Structures are given as C-alpha cells and as structure tokens.
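So for the sequence shown, the UniProt record's numbering puts the first residue at 1; every next one is plus one. No residue lacks a Cβ here, since even glycine has one placed at the ideal position from N, Cα and C. Computed from a prediction, not measured in an experiment: that's the story for all the values here. Notes to accompany the following structure.
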Amino acid sequence: LTCSGCDSKKGFRKRSLFKTFPQNLIINARRFELINWVPTKLNIPVEVSDEPLDLSQYRSLGIQAGEILLEDEPSPLDIEFQPNEAAVAMLLSMGFPEIRIKKALYATGNTDTDAALNWLLSHMDDPDIDATDISAPPGSGGNHCSHEDEAKIGQLIDMGIDRPKARKALLETDGDINRALDWVLSHPYDAEIEGYQVSSGSPAQLQGSSDIPALFQLHAIICHKGVSVHTGHYVAFVRKEVAQDEDSQWVLFNDEKVVQGGDIEEMKQFAYIYFFRKL
C-alpha cells in the first residue's frame, strides 16, 4: 500500500474511532457473504456478554501532536473523463455520435471497443442517451452516483436480483458488492424505485455524546433461522422488564408469538444484528 500523503510504501496504520457515541449502537455481524460468487451464510460464533461494555478507549481525541491532516483524495467525479482516442475514432467511423461513444466507454471501462459497441447497441433507446452528463447512468435523467458500476450491477443480476434493486443496493452501500448483497437480503420488501438516488441535501446534524465512560449494554438481537440465505425467517430477542421481576429478561418476538426467551447464549453467538444501548 502507498500512503496518499507522502507516497511512502513503508506502510501505515488506519483505524476508525467515535467522535461522539450514539444512544443506540447497531452492529451487523455480516452473516452473509459471497464465496466463489455464491451467497453463503456464515455460522461463526461471536462472544457477546450481557455485562456493560466500555467503549471509552475508542473515542477520537482529534488530531494529535505529530499528526498531519491529509487532504481528501479527489473524487472520481472531480476528474475529467478522458476517453480512449483509438476507440473513439473506430466508433465514430461506424456513425455513432461522439457523446454516446464517450458514455459507452465510460460505462465499460474505457478499454474494450467491442464492449462499448455492445453498450451502445443496448442503450440506443434510452431517453437520456444524448444527455451531456457522461457519468450519469442510463435512465437516470442526469442524476448519478459514483459508486454505481455496470459490472457490479451485472453480478447482482446474475444472482437473480433485478436491476432496480441492484442499483439501489449499491447506492445504499457505497458500491460494496458484498454489502449490497447483504442489503438486498435484509430488505426483501423495500420499494424498487428506478430513479432512486442518494440525497444531495445537507448532512444531518451530528448527534450523540462524547461523555465517558461510554458504557453500552446488549439490548436486543436479530437472528436468522435457516441454513441458507434463500430460506428461513428472522426472529428478535429483546431485553425487557417482565411482570414484577426486578431484573430484565430476554423476550422472544416471533412471527406468531411473544414469549420469554429463556437461555439465549447460543442465539447471541450466532445473531445477525446486535443492538447495544448506552447506559
């Protein structure tokens, strides 16, 4: 790896910290993963205690002495696209308009003339094919997301996911195909909106607290019941006060019933999503 700040190849360390701590911390255990391009459920046990967990050591203290704030790397959208001149000349000789050629090369990696030609033939009827925004995906009306990639969409389509949901999943997960697959599996009834796009509004005001100690206790878990990503259903266990008991109990929420959960140690090890609440 090369440091983006000094171009050194000696290695560097990167870590993520909390600027503020949320009231509710939700952790996805990533139980679903692509293995040899096959969606697979991972039954790997995770040790989680009922005792409060102190996350104070993970609070960010800002820039420290001796540290240098690096400039953000330019976004791909900020770099002007330079189409392959040889491919442009060849496709121009076939009678295609230049703006369409640039769009085709942008969408197919800017190296393969045949791939660009196939893209042109399959998108000739797009209403915005002659729009000047080269980076906009077909049918988007000029709105785009830099993480949307035709190759990744194609991979998700090959797994049986239709195009609108594949696009939305990639938009929701910053273009990470593994997370996109996980998103699709966890949002089976989500609306499939062709024109869906990430909001360009101002970011929401930062919420949370930087107070320490930052003690979090496991409050609920969601478990996937089934051996495959294609079968089974989800159940939830929530820590609640039951009747006159002084201590809270684990309660099972299933499709048909709500009952005391009893001993859920094994369920905690193989949960899909963990919900921690700040004390």
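- In the structure shown, residue 88 adopts helical secondary structure according to DSSP, grouped into three states.
- Boundaries around residue 33 are those of the beta strand (DSSP E), 32-35, since no alpha helix (DSSP H) includes it.
- When the Cα atoms are used, residue 71 and residue 63 turn out to be separated by approximately 14 angstroms.
- When C-alpha distances from residue 214 are compared across 279, 125, 96 and 26, the shortest belongs to 279.
- The Cβ neighbour count for residue 258, taken over all protein chains shown within 10 Å, is under 16; the residue is labelled exposed.
- Rounded to the nearest whole angstrom, the C-alpha separation of residue 110 and residue 44 is 41 angstroms.
- When only Cα atoms are considered, residue 273 and residue 105 end up about 40 angstroms apart.
- Contact between residue 156 and residue 116 fails: their C-beta atoms lie close to 22 angstroms from each other, not under 8 angstroms.
- Per the Cβ contact rule, the stretch 24-41 is in contact with the stretch 222-232 (3 or more Cβ pairs under 8 angstroms).
- Under the Cβ criterion (8 angstroms, minimum of three pairs), the stretch 16-36 counts as touching the stretch 174-185.
- Scanning 269, 186 and 266 for the CA closest to the CA of residue 231 turns up 186.
- Secondary structure at residue 272: coil, using DSSP grouped into helix, strand and coil.
- The beta carbon of residue 88 lies closer than 6 angstroms to those of 101 in the same chain, with the five residues before and after it left out.
- Put simply, the backbone Cα of residue 264 is about 32 angstroms away from that of residue 169.
- Looking at the DSSP output, residue 249 shares a beta bridge with 240.
- Across the set 22, 55 and 60, the C-alpha of 60 shows the shortest separation from the C-alpha of residue 16.
- Taking C-beta atoms as the reference points, residue 207 and residue 276 fail to come closer than 9 angstroms.
- A residue is called buried once 16 or more other Cβ atoms fall within 10 Å of its Cβ, and residue 184 is buried on that count.
- Around the beta carbon of residue 167, 16 or more other beta carbons sit within 10 angstroms, so the residue counts as buried.
- Out of 7, 163, 13 and 46, the CA that lies nearest to the CA of residue 269 is found in 46.
- Excluding five sequence positions before and after residue 160, none of the CB atoms of its chain fall closer than 8 angstroms to its own CB.
- Beta-bridge analysis with DSSP links residue 222 to 236 and 273.
- Residues 87 and 90 of the same chain have their beta carbon placed closer than 6 angstroms to that of residue 113, with the five preceding and five following residues left out of the count.
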